[in-house]
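Here's the structure, in structure tokens; my notes come after.
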Amino acid sequence: MSGRLVGVGTGPGDPELLTLKAVRAIEGADVVAYFAKEGKGGNGKAIVEHFLQADKILLPLYYPVTTEIAKTDTRYQSRITGFYDEASAAVARHLDEGRSVAVLSEGDPLFYGSYMHLHVRLAGRYLTEVIPGISAMSGCWSLAGIPIVQGDDVLSVLPGTLGEAELARRLADTQAAVIMKVGRNLPKIRRALQAAGRLQEAVYVERGTMMNAAMAKLADRPEDEAPYFSLVLVPGWEDSR
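If you read the sequence shown in this note's numbering, its first letter stands for residue 12, the second for the next number, and so on.
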């Protein structure tokens, strides 16, 4: 009998935003796997630390690269694909030995989550369940108290890695937007918002729902860099009554 694979959404950062189902899956799993930068504990693991019993088998999956090489570089593509192949094999070894494996994923596992790369490699071979998590964008607009869409508003979720002209085009063609993957893309995002006439509406949120969360009107924030856990909200509901 092979084990069971569970992709667990850990939510946006606040441990109290874990679902009851996620907690049960973590406590019931034989193995808890988590993604992290080499030498780090990983944010997913930090969120669930309180629920990890002393006898739990931990399986760290260390990224070979993060921001050292551009994602468009063929070296990045080769190394990251190899990493997901190796990570899937490491998880599969536990599954083949009959152990259940919970793979942690910040936010929601199938929304910009690393877990999905394991899912497409393993879900066809093993009994698999995905437990959704509260997304980062939901956590951030709740923290900021911003009504994001209403009625016939269209919400666009945009990666900040898009080209500047494409970002501006899409921002001008939607009522509301969430811009993910901010980081070093912040100056480009600011220019795209300005070109689309949306800069004054934009709200910057970093580390939403975490202990050191911060937010500000993007137009009032002069810094050109942002941490990994940051995004930009552009609300669409104009008649906020």
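All C-beta atoms in this analysis are idealised placements derived from N, C-alpha and C, irrespective of residue type, glycine included.
Here the structure is a predicted model, which means the values were calculated and not measured.
query	result
Where E79 sits in the DSSP three-state scheme	With a pLDDT of only 47 at E79, under the threshold of 50, the placement of this residue in the model should not be trusted; the figure read from the coordinates follows. In this structure, E79 counts as coil in the three-state DSSP scheme.
Which listed residue (F94, S116, R218 and G93) has its alpha carbon closest to that of I142	S116
Entirely enclosed alpha helix (DSSP H) segments - the segment 125 to 210, minimum 4 residues	126 to 133, 147 to 155, 175 to 183 and 197 to 206
For F46, the residue or residues it bridges with in DSSP	L72
Between the CA atoms of L242 and G156 - distance to the nearest angstrom	15 Å
DSSP state of S116 mapped onto helix, strand, coil	strand
CB contact flag (P75, A47, <9 Å)	no
Residues near G162 in its chain [Cβ-Cβ closer than 7 Å; skip 5 each side]	none
Touch test, the segment 23 to 38 against the segment 145 to 154, Cβ-Cβ under 8 Å, three pairs minimum	yes
Beta-carbon proximity of A213 to V245, cut-off 9 Å	yes
Alpha-carbon spacing of Y137 relative to A101, whole angstroms	14 Å
For M226, the residue or residues it bridges with in DSSP	V216
Stretch-stretch touch, CB-based, cutoff 8 Å, three pairs: the segment 49 to 63 with the segment 184 to 193	no
Three-state class that DSSP yields for G247 in the structure shown	coil
Chain-order list of residues whose beta-carbon lies under 8 Å from that of Y239 (same chain, five-residue window excluded)	G194
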